[in-house]
Every structure is written in C-alpha cells, then in structure tokens.
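Here the structure comes first, spelled out in structure tokens, and everything after it is commentary.
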Amino acid sequence: MTGERTGHFWDAVEGRAPMPAATITLGWSLIHADTERGEIEVSFEASEEFLNPAGSVQGGFLTAMLDDTMGPALAATLGPGLYGTTIDLKVSFLRPAKPGRLVGRGRVVHRGSTIAFLAGELLDDAGRVVAVGSATTRIVRTG
Numbered sequence: 017m018t019g020e021r022t023g024h025f026w027d028a029v030e031g032r033a034p035m036p037a038a039t040i041t042l043g044w045s046l047i048h049a050d051t052e053r054g055e056i057e058v059s060f061e062a063s064e065e066f067l068n069p070a071g072s073v074q075g076g077f078l079t080a081m082l083d084d085t086m087g088p089a090l091a092a093t094l095g096p097g098l099y100g101t102t103i104d105l106k107v108s109f110l111r112p113a114k115p116g117r118l119v120g121r122g123r124v125v126h127r128g129s130t131i132a133f134l135a136g137e138l139l140d141d142a143g144r145v146v147a148v149g150s151a152t153t154r155i156v157r158t159g
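Just so we're aligned, residue 17 is where the sequence shown starts under this note's numbering, counting upward by one.
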C-alpha cells in the first residue's frame with residue numbers, strides 16, 4: 017500500500033491518535049498487516065496480573081486478545097469514518113497459556129458492505145495454538 021494509511025486503526029498505530037486503554041493493558045503490538053488479504057499478526061504480553069489461580073492466563077484475557085486480533089484484521093482494511101463493531105464472538109480454549117508473549121493471527125474470512133466474518137488464533141512462544149476464535153462484525157460509519 018502506498019501513501020499514508022488512514023482510518024481509526026492506522027491513526028492509533030502510527031501515533032496520530034492514542035491507543036485504546038484495553039489495547040495497552042494487553043501489551044498489544046503490531047507485527048504485520050496485509051490490508052489486501054485482510055490478514056494481521058500482532059503480539060501481546062500476558063502479565064502475571066492476567067493469571068487465574070491455576071497459573072494460566074485467564075480465559076477472559078485470551079478472549080480479549082482474540083477480539084483485539086480479529087477486529088484489527090478488519091480495521092486495517094477500513095478507510096476513514098468506518099469502524100467494525102463486534103456482533104458476536106466465539107472462543108475455544110485448546111491449552112493453557114502461560115504468562116509472556118502470545119502471538120495473534122487474524123483474518124477477514126468474508127466482508128460485505130455492512131457485515132464481516134473474522135477468524136483468529138493465539139499462539140504461545142513455542143508456536144502452539146492456545147485458543148481460536150471467530151467473530152461477526154458490523155461495519156458502521158462513525159461520527
């Protein structure tokens with residue numbers, strides 16, 4: 017993609033707007049975005065504060081990470097004035113996640129004019145999938 021990338025997502029990533037607080041809390045960082053394919057790779061830093069009593073990252077944090085993986089896969093493709101809002105989100109936990117770096121891979125499965133279907137996965141540092149998810153998103157115009 018040539019020229020300046022615009023829209024809510026790119027404004028935050030490129031420092032023209034603040035990152036959302038939840039994104040900061042999750043330790044979110046962009047690794048790569050392919051706007052033509054609707055694919056993204058991001059990383060998170062799961063802190064000790066995210067752990068459940070068993071010593072694994074609590075499922076709500078993993079869900080938030082998947083939401084903050086799949087949503088940006090779509091958001092990176094949207095222009096100014098458009099935003100994707102999650103309608104539904106399904107997550108399956110495959111194995112415990114330990115604190116540290118997790119990588120999220122998200123993609124736009126299908127996009128219409130107002131609805132998009134998304135998929136994503138979270139991997140641990142060993143490359144094992146710890147959780148997978150899917151979401152339906154409504155594309156809305158922002159004020």
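Quick reminder that beta carbons are idealized off the backbone N, C-alpha and C, glycines included. Given the structure is predicted, the values throughout are model-derived calculations rather than measurements.
What's the C-alpha gap between residue i and residue j?
i, j, result
"A89", "I40", "17 Å"
"A28", "M35", "5 Å"
"A92", "K106", "21 Å"
"L94", "M81", "20 Å"
"K114", "V73", "6 Å"
"G71", "S150", "26 Å"
"S129", "A147", "29 Å"
"A38", "P69", "22 Å"
"A49", "R21", "12 Å"
"R144", "L110", "9 Å"
"R32", "I131", "27 Å"
At a threshold of 7 Å, does residue i count as lining the ligand GTP (C-beta to nearest heavy atom)?
i, result
"L94", "This structure lacks the ligand GTP, and indeed carries no ligand of any kind."
Who does residue i pair with in a DSSP beta bridge?
i, result
"H48", "E57"
"V148", "S108 and E137"
"H126", "F133"
"I155", "G100"
"V119", "S59 and L139"
If we call anything under 8 Å between Cβ atoms a contact, is residue i one with residue j?
i, j, result
"R123", "L134", "yes"
"L118", "A62", "yes"
"L46", "V58", "yes"
"R127", "G23", "no"
Note down, in chain order, each residue of its chain lying with its Cβ closer than 7 Å to the Cβ of residue i, except the 5 sequence neighbours on either side.
i, result
"R157", "G97 and L98"
"W44", "V58, F60 and D84"
"V125", "F133, L134 and A135"
"E141", "Looking at the sequence itself, residue 141 is Asp, so the reference to Glu does not match. Here the set comprises G116 and R117."
In chain order, what residues of the same chain lie with their CB nearer than 6 Å to the CB of residue i, ignoring the 5 residues before and after it?
i, result
"S108", "V148"
Every unbroken alpha helix (DSSP H) inside the region 62–115 [4 residues or more]: 75–91
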